[in-house]
Amino acid sequence: MRKWWHEAWLMGLNNPTDRTFVVEDTENDNRIVAFSRWMVPQQDGNQERIWPSLDQGPADMEVAGSFFGGMEESRHKAMGSKPHWMLELLGVDERYQKSGIGASLIKWGTDQADKSGLPTYLDASEIGQPYYTSRHSFVLAQDIKIPDRPAYGTFTYKSLVRPPKGKA
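The UniProt record's numbering puts the sequence shown at residues 1 to 168.
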């Protein structure tokens, strides 16, 4: 999985339609504490991502397929072929959460969307959904259930859409 994530990050860094941000704690050995990747709108609304191939190794291919395929299917259902901004990845080290870093990374993209008059799309965990809806004006588009597994139980993620606000 490390190799796969490494390839996925390199792919995004080299993609001219991606904007990747990395936040470092310069007072703590430049530790990476947060990141985000935004996909900029395409005229035809196409935000399709061709991910690096995932070897059958230890990964649960049914879960991986439901997760990544479900996201793509949900985005198509919610956005159709309309141009939109998409927050593809967001992570904040738990020691730095509730400090405003994640909010700043989200705000960058939603400000871009507002300036261009376009909606914003993202997929969130059940735990994250209330944050996005209350703090950033996203609304639920649909739930996507991942197959149950004894090791982790039931997991559902949320497809969220934020309509553009007046010119920022």
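By construction, the Cβ of each residue, glycine as well, lies at the ideal position given by its N, Cα and C atoms.
The structure presented is a predicted model; accordingly, all values stated were derived computationally and were not measured.
(message) Does the structure place the segment 86-96 close enough to the segment 116-124 that three or more beta carbon pairs sit under 8 angstroms?
(response) yes
(request) Tell me, to the nearest whole angstrom, how far the beta carbon of A34 is from that of L105; I am working on the premise that it is less than 8 angstroms. (result) On the sequence shown, residue 34 is found 34 positions in, with the first residue counted as 1. On the sequence shown, residue 105 is found 105 positions in, with the first residue counted as 1. Contact flag correct, Cβ pair sits at about 6 angstroms.
(request) Along the alpha helix (DSSP H) that carries I106, what are the first and last residues, could you check? (result) The sequence position of residue 106 within the sequence shown is 106, counting from 1. Counting along the chain, the alpha helix (DSSP H) containing I106 begins and ends at 101-116.
(message) Going residue by residue through the segment 116-145, where are the continuous beta strand (DSSP E) segments of at least 3 residues, counting only ones entirely within it?
(response) 120-125
(request) Specify the secondary structure class of K158 as computed by DSSP and reduced to three states. (result) Here residue 158 refers to the residue found at position 158 when the sequence shown is read from its first residue. Here K158 sits in strand by DSSP.
(message) Please state whether the Cβ-Cβ distance between P83 and Q43 is less than 8 angstroms.
(response) What you label residue 83 is simply residue 83 of the sequence shown in a count that begins at 1. What you label residue 43 is simply residue 43 of the sequence shown in a count that begins at 1. For P83 and Q43, yes; Cβs fall inside 8 angstroms.
(request) Specify, as a first and last residue, the run of the alpha helix (DSSP H) that A8 falls within. (result) The sequence position of residue 8 within the sequence shown is 8, counting from 1. From DSSP, the alpha helix (DSSP H) with A8 extends over 2-14.
(message) At the level of alpha carbons, what is the spacing between E73 and I32?
(response) On the sequence shown, residue 73 is found 73 positions in, with the first residue counted as 1. On the sequence shown, residue 32 is found 32 positions in, with the first residue counted as 1. One C-alpha to the other measures close to 31 angstroms.
(message) Taking the alpha-carbon of P41 as reference, which of E7, M11, S81 has the nearest alpha-carbon?
(response) Locating residue 41 in the sequence shown gives position 41, counting from the first residue. Answer by Cα proximity: S81.
(message) Between which two residues does the beta strand (DSSP E) holding V33 run?
(response) Taking the sequence shown and counting its residues from 1, the one referred to as residue 33 is at position 33. It spans 31-39 - the beta strand (DSSP E) in which V33 sits, taken as one unbroken run.
(request) Since I believe V23 is in contact with I101 (beta carbons under 8 angstroms), could you give me their beta-carbon distance rounded to a whole number of angstroms? (result) By 1-based counting over the sequence shown, the position of residue 101 is 101. By 1-based counting over the sequence shown, the position of residue 23 is 23. 6 angstroms between Cβ atoms; contact.
(request) Using DSSP bridges, identify the partner residues of M86. (result) Locating residue 86 in the sequence shown gives position 86, counting from the first residue. The partner list for M86 (beta bridge, DSSP) reads M39, Y121.
(request) Report the three-state DSSP secondary structure of E94 (helix, strand or coil). (result) Counted from its first residue, the sequence shown places residue 94 at position 94. Three-state result, E94: helix.
(message) As a quick exercise: from Y96, M79, H76, pick the residue whose alpha carbon is nearest that of D25.
(response) For this step, residue 25 is matched to residue 25 along the sequence shown. D25 has its Cα closest to that of Y96, out of Y96, M79, H76.
(request) Select from T20, G12, P164 the residue whose C-alpha is nearest the C-alpha of Q112. (result) Translated into positions along the sequence shown, residue 112 becomes position 112. Out of T20, G12, P164, P164 has the C-alpha closest to the C-alpha of Q112.
(message) Quick check: D143 and K158, are their CB atoms within less than 8 angstroms of each other?
(response) Within the sequence shown, numbered from 1, the residue matching residue 143 stands at position 143. Within the sequence shown, numbered from 1, the residue matching residue 158 stands at position 158. Against a cut-off of 8 angstroms, the Cβ pair of K158 and D143 comes out as a contact.
(message) What does the alpha-carbon distance come out to for the pair I127 and R19?
(response) Position 127 of the sequence shown, counted from the start, is the residue given in the question as residue 127. Position 19 of the sequence shown, counted from the start, is the residue given in the question as residue 19. Rounded to the nearest angstrom, the two C-alpha atoms are 25 angstroms apart.
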